[in-house]
Amino acid sequence: MRSNLISRRDLDFLLYEWLRVEGLTALPRFGEHSKETFDGFLDLCEDIATRYFAPHNKRADAQEPTFDGARVTLIPEVKTAVEAFAKANLVGAGMDERIGGLQLPATVEAAGFSWFQAANVGTAGYLFLTVGNANLLAAHGTEEQVDRFVRPMIEGRFTGTMCLSEPQAGSSLADIVTRAEPREDGTYRVFGSKMWISGGDHELTENIVHLVLAKIPGGPAGTKGISLFVVPKYLVREDGSLGERNDVTLAGLNHKMGYRGTTNTVLNFGEGTHTPGGAAGAVGYLVGEPHRGLSYMFHMMNEARLGVGLGATALGYTGYLKSLQYARERTQGRALTAKDPATPQIPIIEHADVKRMLLAQKAYVEGALGLLLYCNRLVDLRRTATDEQQARDHTLLLEILTGVAKSWPSQWCLEANSLAIQVHGGYGYTREYDVEQHYRDNRLNPIHEGTHGIQGLDLLGRKVIQHDGASLRLLTDRIAETTAAATARGGELAEHAALLDASWQRLLTVTGGLFAGGDPAAAMANATVYLEAFGHLVVAWIWLEQTLAAADGAGEFYEGKRAAARYFFRYELPKTGPQLDLLASLDRTTLEMRDSWF
Numbered sequence: 001m002r003s004n005l006i007s008r009r010d011l012d013f014l015l016y017e018w019l020r021v022e023g024l025t026a027l028p029r030f031g032e033h034s035k036e037t038f039d040g041f042l043d044l045c046e047d048i049a050t051r052y053f054a055p056h057n058k059r060a061d062a063q064e065p066t067f068d069g070a071r072v073t074l075i076p077e078v079k080t081a082v083e084a085f086a087k088a089n090l091v092g093a094g095m096d097e098r099i100g101g102l103q104l105p106a107t108v109e110a111a112g113f114s115w116f117q118a119a120n121v122g123t124a125g126y127l128f129l130t131v132g133n134a135n136l137l138a139a140h141g142t143e144e145q146v147d148r149f150v151r152p153m154i155e156g157r158f159t160g161t162m163c164l165s166e167p168q169a170g171s172s173l174a175d176i177v178t179r180a181e182p183r184e185d186g187t188y189r190v191f192g193s194k195m196w197i198s199g200g201d202h203e204l205t206e207n208i209v210h211l212v213l214a215k216i217p218g219g220p221a222g223t224k225g226i227s228l229f230v231v232p233k234y235l236v237r238e239d240g241s242l243g244e245r246n247d248v249t250l251a252g253l254n255h256k257m258g259y260r261g262t263t264n265t266v267l268n269f270g271e272g273t274h275t276p277g278g279a280a281g282a283v284g285y286l287v288g289e290p291h292r293g294l295s296y297m298f299h300m301m302n303e304a305r306l307g308v309g310l311g312a313t314a315l316g317y318t319g320y321l322k323s324l325q326y327a328r329e330r331t332q333g334r335a336l337t338a339k340d341p342a343t344p345q346i347p348i349i350e351h352a353d354v355k356r357m358l359l360a361q362k363a364y365v366e367g368a369l370g371l372l373l374y375c376n377r378l379v380d381l382r383r384t385a386t387d388e389q390q391a392r393d394h395t396l397l398l399e400i401l402t403g404v405a406k407s408w409p410s411q412w413c414l415e416a417n418s419l420a421i422q423v424h425g426g427y428g429y430t431r432e433y434d435v436e437q438h439y440r441d442n443r444l445n446p447i448h449e450g451t452h453g454i455q456g457l458d459l460l461g462r463k464v465i466q467h468d469g470a471s472l473r474l475l476t477d478r479i480a481e482t483t484a485a486a487t488a489r490g491g492e493l494a495e496h497a498a499l500l501d502a503s504w505q506r507l508l509t510v511t512g513g514l515f516a517g518g519d520p521a522a523a524m525a526n527a528t529v530y531l532e533a534f535g536h537l538v539v540a541w542i543w544l545e546q547t548l549a550a551a552d553g554a555g556e557f558y559e560g561k562r563a564a565a566r567y568f569f570r571y572e573l574p575k576t577g578p579q580l581d582l583l584a585s586l587d588r589t590t591l592e593m594r595d596s597w598f
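Here you go:
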């Protein structure tokens, strides 16, 4: 029976038959690894996720964290799972060996982490943030900061967070008011409040390492004046032992519809609850140079965007597999041609509309998983490139695809969860079945790490025109290589290639027209529609890539791949036509709508 978390057969296909990740072992960074070590890592992830994460997923949702004014309480299984993850050295899976990591490719690391997000996205959230925090500090922190904060995170003794949003600013980081005042000893004292901080307080580990965006008084206005600071819950002495409590105070917990197992907090810095050394303010340590904090934070934010996309994919994927199993076991109704009421009922998977819903889910989740692994492979290739032009190309591709890889799964794998509920019928929206929780958990992802609207504005307003359109041209070249290869194979592959090529060329024409109109407000008014059309075309490309890799495969797995691709090209790709028509018209309906008309 296929796993009801993530399909290992699909992971093997994507990693080895399509992306050929074993070829990465020829690179010096991954030279100590092999297909055997990759397989062992995936086996380990599946085992730990199944044994320690999945069993308490529903309990952590029902018994969410509580705060009594002094301490946060979680169900004990969360700590057990976090410790099992850390004991297996999975926090450092992709990090350098020199700091205690396993130095695995990001592609393989992402494949393994998908098991944990599918099994229990709430508990996985603490680890997801810790890995991103540690990666940022490893890239931009000092050796002392790495020793003091990163190594304990890899060992599982510390966890990490990212503290960006503030109650009055939300996603508008230019408007943050948290300040960091310099002290003579080289440290800073931080004052302010941060909102929506996942993993912001708990007792799972000895310490929590907060990465805090703040402004140094006298710096430039807006985002150019933002700096980044390490602000630990407990100070860490030079010998690595814990010192006194820092002035970081939990003001309260936010209670969300999903991800309930992850504490989501309001944190106050420097309110005077604790005064380290008898002085006011939370002790903070500057990361990198002053006023460059946002550029450093984008290291974690972009990694987190891929992680959010992967989490959305994993939730959609496990919902799909569970609804598939249900459809095979649940009997109801008879074939349309069966006239005798005494005819035995059939499994609902035999009904065409149920097949449609399952096919849609399969097309969404397997397409999304392919996109996320492709992006992580770009991370590996960029990191190991020895040629400057190759490194630039990998960077440009990754930049234009990251927002899509975050937003597309957050929309369409959520739709997969909705369809999984529908396949279950009346049982689907009851708490006895997993799929209703998966939907609630996944509904947060269109907001996490930059809302859908923000990703659309970023894609259309920045990424497609950056470097004089270099990213878009490079992606166009990659798609053209795929369509050429598919055309050469003939048959259905060539048909799909022709559809994708025509649609992509239309997108390019529409993109040029948006900026040629001389009306930037109208061009950007429907940026979200542009994002959706762009994303569907990118995933169509990923599906064409997958079917090329499966072209010579025989058996049910490969037939399933071809059927899912066929569904996407016949049912999903045509949706972009009306969207591109709307964009080409430079429609002003939303712009011209007035507050009073609502």
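Going by the UniProt record's numbering, the first residue of the sequence shown is number 1, and it counts up by one from there.
All C-beta atoms in this analysis are idealised placements derived from N, C-alpha and C, irrespective of residue type, glycine included.
Predicted, not measured: the structure shown is a model, and the values here were computed from it.
Report the CB separation of residue i from residue j in whole angstroms; it is logged as a contact under 8 Å.
i      : j      : result
Phe128 : Asn207 : The Cβ separation is near 18 Å, so there is no contact.
Ser165 : Leu310 : With 8 Å as the limit, Ser165 and Leu310 do not qualify as a contact, their Cβ atoms being about 22 Å apart.
Ala106 : Asp468 : Not confirmed; about 29 Å, so no contact.
Ala139 : His299 : 6 Å
Phe515 : Ile454 : So it is not a contact: roughly 20 Å between Cβ atoms.
Ser503 : Ile400 : In fact, because the Cβ distance is near 17 Å, the residues do not count as touching under 8 Å.
Phe269 : Thr178 : 7 Å
Thr265 : Asp201 : 5 Å
Roughly how many angstroms lie between the CA atoms of residue i and residue j, to the nearest whole one?
i           : j      : result
Gly156      : Leu507 : 47 Å
Asp39       : Ala93  : 14 Å
Ile421      : Gln325 : 13 Å
Gly141      : Leu499 : 48 Å
Gly272      : Leu102 : 41 Å
Val539      : Val283 : 46 Å
Asp519      : Glu144 : 51 Å
Leu235      : Glu244 : 6 Å
Ala391      : Ala304 : 21 Å
Asp340      : Val91  : 59 Å
Arg334      : Asp501 : 42 Å
Arg431      : Val354 : 22 Å
Arg260      : Arg98  : 36 Å
Met357      : Thr589 : 33 Å
Gly450      : Glu492 : 38 Å
Phe557      : Ala527 : 37 Å
Tyr52       : Ala119 : 9 Å
Asn4        : Arg462 : 39 Å
Gly192      : Tyr126 : 23 Å
Ala522      : Gly513 : 11 Å
Glu436      : Ala62  : 13 Å
residue 600 : Ser172 : Since the first residue shown for the chain is 1 and the last is 598, residue 600 is missing from the structure and cannot be characterised.
Can you name the start and end residues of the beta strand (DSSP E) that residue i belongs to?
i      : result
Glu244 : Leu242 to Arg245
Thr159 : Phe158 to Cys163
Arg179 : Arg179 to Pro182
Leu235 : Tyr234 to Val236
Starting from residue i and walking both ways along the alpha helix (DSSP H), at which residues does that stretch end?
i           : result
Met153      : Arg151 to Glu155
Tyr530      : Ala527 to Ala549
Tyr364      : Ala352 to Thr384
Gly284      : Per DSSP, Gly284 belongs to no alpha helix (DSSP H); it is in the beta strand (DSSP E), Ala282 to Leu286.
Gly311      : Gly293 to Glu329
Val435      : Val435 to Asn442
Asn133      : Val121 to His140
Lys87       : Pro76 to Lys87
Lys561      : Glu556 to Tyr567
residue 611 : Not covered by the structure: residue 611. The range shown for the chain is 1 to 598.
Gly513      : Gly491 to Ala516
Thr273      : Run containing Thr273: none; DSSP gives neither H nor E here.
Gln455      : His452 to Asp458
Asn57       : Asn57 to Ala62
Leu44       : Lys35 to Ile48
Just list the residues that DSSP pairs residue i with in beta bridges.
i      : result
Leu228 : Leu213
Tyr429 : Beta-bridge pairing links Tyr429 to no other residue.
Asn268 : Ser193 and Thr249
Tyr571 : In the DSSP output, where bridge partners are listed per residue, Tyr571 has none listed.
Asn207 : Phe158
Does residue i come within less than 8 Å of chain B when only Cβ atoms are used?
i     : result
Glu32 : Annotation note: the requested chain B is absent from the structure, which comprises a single protein chain.
Original post:
Is it true that the segment 337-346 meets the segment 27-42, where meeting means three or more beta-carbon pairs spaced less than 8 Å apart?
Top reply: Contact check between the segment 337-346 and the segment 27-42: fewer than three CB pairs, one atom from each, fall below 8 Å, which does not count as touching.
Original post:
Does the pairing of the segment 239-253 with the segment 315-332 give three or more beta-carbon distances under 8 Å?
Top reply: At 8 Å Cβ cutoff, the stretches do not touch.
Subject >> the segment 565-585 touching the segment 530-549, judged by at least three CB pairs closer than 8 Å >> reply: Flag = yes, the segment 565-585 and the segment 530-549 touch.
Original post:
Below 8 Å, can you find three or more Cβ-Cβ pairs linking the segment 349-368 to the segment 443-460?
Top reply: No contact exists between the segment 349-368 and the segment 443-460.
Original post:
At a cut of 8 Å, does the segment 405-425 reach the segment 476-489 through at least three beta carbon pairs?
Top reply: No, they do not touch.
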